[in-house]
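Residues 1 to 75 (this note's numbering) are what the sequence shown spells out, left to right.
Beta carbons: idealized from backbone N, C-alpha and C, even for Gly.
Nothing here was measured: the structure is a model prediction, and the numbers come from that model.
Contents: one structure, followed by commentary.
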Amino acid sequence: MTAKAEINVIWAVDDFTVSNGATLIAPGNRPQPQKLVPAVMPAGSVLVYSGRLWHTAETTKRLARSFVRNPPESR
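Okay, here's the thing in structure tokens:
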């Protein structure tokens with residue numbers, strides 16, 4: 001079964017910093033936790049990425065607002 005192509009979008013309403021829990025992405029095709037990269041970006045920025053990209057949320061108690069859009073599944 002082939003995975004469907006999907007594009008995801010995160011709009012940073014607030015700055016995404018290491019200290020407030022920027023989304024972590026795993027570059028390459030074999031994700032390794034020790035090589036996660038924070039998606040640091042100023043408020044107003046947009047991160048557009050493939051749905052196949054390994055990513056995770058960083059844990060923090062600080063507030064960082066964002067708007068995430070995952071398009072509905074195509075039929």
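Item, Value
"Pick from Pro27, Met41, Gly28 that is closest to Ser19, judged by C-alpha positions", "Met41"
"Whole-angstrom distance between Gly21 and Gln32, CA atom to CA atom", "19 Å"
"Boundaries (first-last residue) of the beta strand (DSSP E) holding Asn8", "7-12"
"Span separating the alpha-carbon of Arg77 from that of Gly44", "Since the first and last residues shown for the chain are 1 and 75, residue 77 lies out of range."
"Candidates Val46, Leu47, Pro38, of which the one nearest Thr56 by Cα", "Pro38"
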